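Under full-length UniProt numbering, the first residue of the sequence shown is numbered 1, with each subsequent residue one higher.
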Amino acid sequence: MRGKHGFDPYLALIVAVAQQVIGRGASWGQRAEREALDPYGYALLLIGPLAVLLHRRFPLLTTAAALLASDLFLIGGYAYGPSFVSPGVLLVLLVLRGRRLMAWVMAAMSLLSILTYAWAVGKRDLFHSVWILTSVMLLMVVAELVKTVKERRAERERVEEEEARRQASEERLTMAQELHDVLAHNISLIHVQASTALHLIDDNPEQARTALATIKTASKEVLGELRSVLNVLREGAPRSPTAGLDRLDELIERSGLDVALKRVGSRPLPPQVERAAYRIVQESLTNAARHAPGARVSVRLEYGERELVVRVTDTGSGTPGALAESGSGNGIPGMRERASALGGTLVAGPSGAGFQVEARLPLPEERS
């Protein structure tokens, strides 16, 4: 607000200088028929700039004062022209500052006073009246157009700001999903391997060493992925390459499960689809390691023309309902949210003695 108010003194100074310069020129040019400027005339010309200076605080009073000073200037017999500058500026300011009804009422009063004076001094020809009417209307129309442009620009900026906030919110949600998937998978893997190591450390130290090596790799991986996600929070930091299907072999190797991977077809995928498919497989392997340790798992990717089908099936742990009893986390709802965000579907449920997750993610048409 301080910056906006700071413009008023400069505008008042510009108006004051313009009226004085125009006043002297008009007075000299109309010296044969109008009165020369005297202290009273100069004083009337200073009321307008003062009204501009105080207009923001007293819009109605200052505009009325400027219009009255303009009328008195004409009645005093001074030259036409200089006294019209301040009322014109104030009428435009009324429109730009949102007081449109007041502006049009004041414009009508100004027009009426000018026409009344013109008729009183004998200028009753139609052309003169139409010229005055056209001038006032043109001033108001230009002011309205400028106000409309400013309003549209402000609305566009507001929409852009809301869109930026929405995108930031979506980015935060994506980051939360990434963090959940990274932590859930790797912490579950570390837990399973740590349990295996503790169980085998006395009887089978070689297998325990393998489990500990897997823990080391998983902990390094989770730190790397967390760094990749959190780097987005740093301004100007580039996002590291996100998880994609080209890293499935590495994911399967780290899982510690007996996994068979099969790809049917092949085609380029949008980054968001790659990330969602990778995370769905990752979460499915996490669930299998947590609820069906020792089970065999098959991962099948079908690249169709219109959709990517991701199917992860495990043979089960031999304990009926194991997943149903302990699967109260956010894994399956999170996978569904990922699929739904892309316009796809995800179905998860028992399959024979085991469990199956099937996601269908829509794909854009391939361009030839």
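We treat Cβ as the ideally placed atom computed from N, Cα and C, and that holds for glycine. Predicted model, so just to flag it, every value in this text is computed and none were measured.
Does the beta-carbon distance from residue i to residue j come in below 7 Å?
i      : j      : result
Ser110 : Gly48  : no
Val52  : Val21  : no
Val312 : Val281 : yes
Leu46  : Gly23  : no
Ala208 : Ala197 : yes
Ile187 : Ile215 : no
Ala108 : Ser27  : no
Gly334 : Leu361 : no
Gly244 : Glu274 : yes
Glu358 : Val347 : yes
Ala143 : Val95  : yes
Pro82  : Gln19  : yes
Ser129 : Leu112 : no
Glu283 : Gly331 : yes
Might you give, ordered along the chain, the residues of its own chain that have their beta carbon closer than 7 Å to the beta carbon of residue i, omitting 5 neighbours on each side?
i      : result
Leu93  : His55
Leu36  : What sits at residue 36 in the sequence shown is Ala, not Leu. Cβ within range, chain order: Ser27.
Thr315 : Ala295, Arg296, Ala353 and Gly354
Ser326 : For Ser326, the predicted structure reports a pLDDT of 41, less than 50, and the residue's modelled location is therefore unreliable. A value from the coordinates is still provided. The answer, listed in chain order, is His291.
Val17  : none
Using only the alpha-carbon positions, how far apart do residue i and residue j sit?
i      : j      : result
Lys262 : Ser298 : 8 Å
Phe355 : Gln193 : 21 Å
Ala288 : Ala295 : 7 Å
Leu101 : Lys147 : 13 Å
Ala211 : Gly256 : 8 Å
Ala339 : Ala276 : 7 Å
Leu363 : Arg57  : 60 Å
Asp203 : Gly349 : 37 Å
Ala324 : Val310 : Residue confidence for Ala324 is low, a pLDDT of 38 falling below 50, so the modelled location carries little weight; the figure read from the coordinates is stated next. Taking the straight line joining both Cα atoms gives about 22 Å.
Ala118 : Val141 : 23 Å
Lys123 : Ile132 : 12 Å
Ser70  : Arg158 : 40 Å
Thr217 : His199 : 20 Å
Met106 : Leu145 : 18 Å
Ala176 : Leu60  : 55 Å
Asp38  : Ile75  : 14 Å
Ser266 : Arg306 : 12 Å
Say the cut is 6 Å; is the CB of residue i nearer than that to a heavy atom of the ligand MG?
i      : result
Asp202 : Summarising the ligand content, the structure contains no ligands, and the ligand MG is consequently not present.
Name the residue from the options whose alpha carbon lies nearest to the alpha carbon of residue i.
i      : options                           : result
Val121 : Glu33, Ile201 and Thr148          : Glu33
Lys220 : Leu248, Leu245 and Arg254         : Arg254
Phe73  : Tyr40, Ala103, Glu302 and Thr116  : Tyr40
Ala260 : Tyr278, Arg290, Met137 and Leu301 : Leu301
Asp8   : Arg97, Asp38, Leu68 and Gly77     : Arg97
Tyr278 : Arg247, Asp258 and Pro270         : Arg247
Leu139 : Trp104, Glu163 and Arg156         : Trp104
Thr62  : Leu91, Glu305, Leu126 and Asn204  : Leu91
Arg31  : Leu50, Gly77, Ser70 and Tyr42     : Gly77
Leu13  : Glu151, Leu50, Tyr42 and Lys150   : Leu50
Gly88  : Thr217, Trp131, Met137 and Pro271 : Met137
Pro268 : Arg152, Pro293, Tyr303 and Val159 : Tyr303
Pro271 : Lys150, Leu308, Asp249 and Ala43  : Leu308
Val222 : Asp249, Ile201 and Leu179         : Leu179
Answer yes or no: does any C-beta atom of chain B fall closer than 7 Å to that of residue i?
i     : result
Leu45 : Structure shown: chain B not included; a single protein chain is present.
If you drop the 5 nearest sequence neighbours on each side, which residues of the same chain put their C-beta closer than 8 Å to that of residue i?
i      : result
Ile252 : Val259, Leu261, Leu285 and Val299
Kindly list the residues whose CB is nearer than 6 Å to the CB of residue i, restricted to its own chain and excluding five residues on each side of it in sequence; keep chain order.
i     : result
Leu11 : Val52
For this session: Starting from the N-terminal side, write out each stretch of the beta strand (DSSP E) that is 3 residues or longer and does not extend beyond the stretch 21-106.
Result: None, since the stretch 21-106 contains no complete beta strand (DSSP E) of that length.
Exercise. Hey, which unbroken runs of the alpha helix (DSSP H) at 4 residues or more fall wholly within the stretch 273-345?
Worked result: When DSSP assignments are scanned along the stretch 273-345, the uninterrupted stretches of alpha helix (DSSP H) that are 4 or more residues long and fall wholly within it turn out to be 322-326 and 331-341.
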